Amino acid sequence: MAADGQITSDVGTSPPAAGRPDLERVLAGSEWNSKLYEMACLQFAHTADLLDLDEEFRARLLEPRRSLTTNFPVRMDDRSVRSFTGYRVQHTLTMGPTKGGFRYRPDVSLGECAALAMWMTWKCALLGLPFGGAKGGVQCDPLDLSAGELERITRRYAAELIPIIGPERDIPAPDIGTGEREMAWFMDTYSQQMGYSVPEVVTGKPVALGGSAVRQRSTGLGVAYVIAEVAKRWGFAIPDQRVAIQGFGNVGATLAATLHEMGAKVVAVSDIRGGLVNQAGLDIPAVRDWVAKHQFMEGFPGADQAGPAQVLEVPCEIVVPAALERQILAENAPRLDCRLVVEAANGPTSPQAEKILAERGIQLVPDVLANGGGVLLSYFEWVQDHQRYLWDDGELEGRMQKLLGSAVGRVAEAAEKLKCDWRTAALTVAVKRVAKAAEARAIYP
Ligand code: NAD
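Structure follows, in structure tokens:
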């Protein structure tokens, strides 16, 4: 672990693709080369093995269908020009338009987007949505950029993507470092090019532009619904739970507030700068007020300070990584002191770490199930924009709760039937559905 408490490396490398010609060829290429894509491929291969999936569908579902890399110039506030690199990856075009967020992070890569796009495919399929998966991003640090610079980056990135996006092609949404503001700029840029307003080209927009009031809090709220559904099935009560959450952005802060309202004791939270721990339970509304005023949680009174990743090791019942991928690795998995890990972030647990957790009897609710509330609300927003007909917030939350509850049921049933962990169970449901769709469409020409 680095001095600032961040997890920096895994112990050893991921289980090798050696002996798996199907993965070796894909992972040997430079296009998708990344730890995250390797994780996604290994998860897929494991699921395909369990399903005894035909070679044809392994080949058709493993690699992304389409990707775009773009380098574009942006005029900075000091009049200099900087070049930025952006990506968009669409994993499968079989089941309708593709759907997935775009993120602003200095180290975002094509391989990272490829993994995240594949996971979006499984998430949409698990929820029964008429989408394939996509993901995008721009290599930049939003904390170092002015609002004007971010607007010019967003508009140029949107313009570069126009050949492959659109309400019937690919519908972006917020992710790390992006939110309503960026979606509004994105939608405006696309609409200016089309000559008329196209709200349905992105989701997660401001309400005034056809966004949904529930979308902003949907992912965090959905994670809380999934935890509540799991609690019902496994027979534990939310108010008895101590919860530690890494990440206090859109997802983490909403989840912390919702669980706090449901009576759980949120004993640890963190952001990129550091964390807070209080075994008596943190006053989450006060932490949110502090962050709204100071941007970061450091200095909040009434709690012990901790490193950003140290909160994962705080003794509690439920640990929720809600920040970044690859945060629970072989290095720190032995130190987690909880009964359940709920993956609010995408790809936060490496395959080796997952094995260690399983051996230690720690259960895991996988990302494709846990954070599905975001894409569900995005789907509702897209449908409403298409129909020009708005549903009220209560109806949206009710529909989301019902659909997430059904997805938990499908995963629990598959896990029971196949005697496997919940990630594998979730992926079998999803992969089967996508393979069936691919089989029905066959191969063009
Ligand atoms: P965000 O940018 O709003 O928040 C990210 C949070 O993580 C911030 O509090 C940041 O300070 C913190 N953080 C960053 N690096 C950290 C580190 N090293 N240690 C601790 N905290 C750190 O992003 P978000 O939208 O909340 O997304 C969080 C995760 O949830 C991502 O994995 C994203 O892919 C996933 N997700 C988001 C959505 C959505 O609707 N926003 C939907 C599904 C999944």
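The numbering used here numbers the first residue of the sequence shown as 3 and each following residue consecutively. We put the CB at the ideal spot given by N, CA and C, even for glycine. Keep in mind it's a predicted model, so treat the numbers as computed, not measured.
Counting contacts by CB-CB distance shorter than 8 Å, is residue i in contact with chain B?
i, result
"V410", "Checking the listed chains, one finds no chain B in this structure; it contains a single protein chain."
Can you tell me whether residue i sits near the ligand NAD, meaning its C-beta is under 7 Å from at least one heavy atom of the ligand?
i, result
"Q365", "no"
"F104", "no"
"E263", "no"
"T260", "no"
"S272", "yes"
"T221", "yes"
"N252", "yes"
"Q248", "yes"
"G376", "yes"
"E327", "yes"
"A149", "no"
"G179", "yes"
"N334", "no"
"A414", "no"
Quick one, which of the options has its alpha-carbon nearest residue i's?
i, options, result
"Y380", "A186, G206 and P353", "Note that residue 380 is Ser in the sequence shown here, rather than Tyr. If we check each option's Cα against that of S380, G206 comes out closest."
"F250", "D285, A372, V289 and Q243", "V289"
"A449", "V279, L223, W236 and L278", "No answer is possible for residue 449: the residues shown for the chain start at 3 and end at 447."
"D190", "R60, T123 and A160", "A160"
"P201", "L257, G168 and V232", "G168"
"L371", "D394, T430, E65 and S36", "T430"
"V322", "K357, A246 and D395", "A246"
"G407", "L147, V228, G138 and M196", "V228"
"E345", "I274, F298, L257 and T180", "L257"
"F74", "L63, Y89 and R62", "Y89"
"A305", "Q329, V279 and Q297", "V279"
"E114", "W393, E418 and R328", "R328"
"Q45", "A266, Q92, V203 and L63", "L63"
"P144", "F104, V385, R235 and E26", "F104"
"L70", "D54, L366 and L112", "L112"
"A416", "G376, C126, L211 and T49", "T49"
"L95", "D80, T87, T123 and L118", "T123"
"L326", "G396, M185 and D369", "D369"
"E184", "K295, T156 and M196", "T156"
"R107", "I274, G139, V83 and E441", "G139"
Any idea what DSSP makes of residue i, helix, strand or coil?
i, result
"A239", "coil"
"N348", "coil"
"Q329", "coil"
"Y446", "coil"
"L95", "coil"
"V343", "strand"
"Y39", "helix"
"A5", "Confidence at A5 is low in this model, with a pLDDT of 35, below 50, so its placement is unreliable and the value that follows should be read with caution. DSSP places A5 in coil when its eight states are reduced to three."
"S220", "helix"
"Q297", "coil"
"Q248", "strand"
"L366", "strand"
"S32", "coil"
"S85", "strand"
"P353", "helix"
"K438", "helix"
Mind checking who residue i pairs with in its DSSP beta bridge?
i, result
"R107", "Q141"
"I173", "K101"
"D70", "Per the sequence shown, residue 70 should be read as Leu rather than Asp. L70 is bridged to R90."
"G278", "The question names Gly, yet the displayed sequence has Leu at residue 278. In the DSSP output, where bridge partners are listed per residue, L278 has V271 and Q307."
"G134", "T100"
"P323", "Q248"
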